[in-house]
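Trainee:
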Amino acid sequence: MYADDITLASQHETFKPSEGILNEDLSILNKYFRKWKLVPNTAKTEVTAFHLANQLAKYEPTVEFAGAILHYNPTPRYLDVTLDRSLTCAPHMDKLSKKLQTRNNILHRLAGTTWGASADVLRTTGLRLVYSTAEYCAPVSSNSTHVLHVDT
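Residue numbers for the sequence shown follow our numbering, so the first one is 2 and each next one is one higher.
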């Protein structure tokens, strides 16, 4: 059995209480895993912190799961969206911009061919390659100040 993309979150004014809450929750989760003979992959399990305090930008929360200290990742990916400490979506927008540029280049090649790609083929290709990628997570990322990375 595989369980991917599970998130535990805690909100508090300081990090220490949140770390304690997460450690307790992960302890409960680990008991559940042991009961059902599931083995968590602690090497793939990450911890991050979202906040706007620049003076704490390098702070790495200490959270333990199944006897291992979890790896801190300042820009984790969740459901293929790259997150950052202040939720600006900047890393996600950079990756999305590069991905869309590559896909637009494919579309430009099809449009410039001499063998006659029809308007229907170009429309379908554009919708499948470009539009679907650009629209994924758009309600969240469209509010980002970094949306200009994609618009240009």
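Built from N, CA and C at the ideal position, the CB exists for glycine as well.
In this structure, how does DSSP classify Glu-25 when only helix, strand and coil are distinguished?
Mentor: In the structure shown, Glu-25 sits in a helix (DSSP, three-state: H, G or I).
Trainee: Report all residues from its chain with a CB closer than 7 Å to the CB of Ala-112; omit the five preceding and five following residues, and keep chain order.
Mentor: Only Ala-118, Leu-123 meet the Cβ criterion.
Trainee: Of all the alpha helix (DSSP H) runs that stay within the bounds of the segment 60–131, which reach a length of 4 or more residues?
Mentor: Here the runs fully enclosed are 91–112, 120–126.
Trainee: Can the beta-carbon of Ala-50 be found less than 7 Å from the beta-carbon of Pro-62?
Mentor: Yes, these two residues count as a Cβ contact at 7 Å.
Trainee: Under 6 Å Cβ to Cβ from Phe-34, same chain only, skipping five residues before and after it: list those, please.
Mentor: For Phe-34, where only same-chain residues beyond five positions count, the Cβ hits under 6 Å are Pro-41.
Trainee: Does DSSP classify Glu-136 as helix, strand or coil?
Mentor: In the structure shown, Glu-136 sits in a helix (DSSP, three-state: H, G or I).
Trainee: Short check: CB of Val-48 to CB of Val-64, under 7 Å?
Mentor: Yes, Cβ-Cβ distance for Val-48 and Val-64 is below 7 Å.
Trainee: Put Glu-20 into one of helix, strand or coil per three-state DSSP.
Mentor: In this structure, Glu-20 counts as helix in the three-state DSSP scheme.
Trainee: Would you check if the distance between the CB atom of Arg-104 and the CB atom of Leu-128 is smaller than 7 Å?
Mentor: Result no, Cβ atoms of Arg-104 and Leu-128 do not sit closer than 7 Å.
Trainee: Run through DSSP, which three-state label would Val-40 get?
Mentor: Here Val-40 sits in coil by DSSP.
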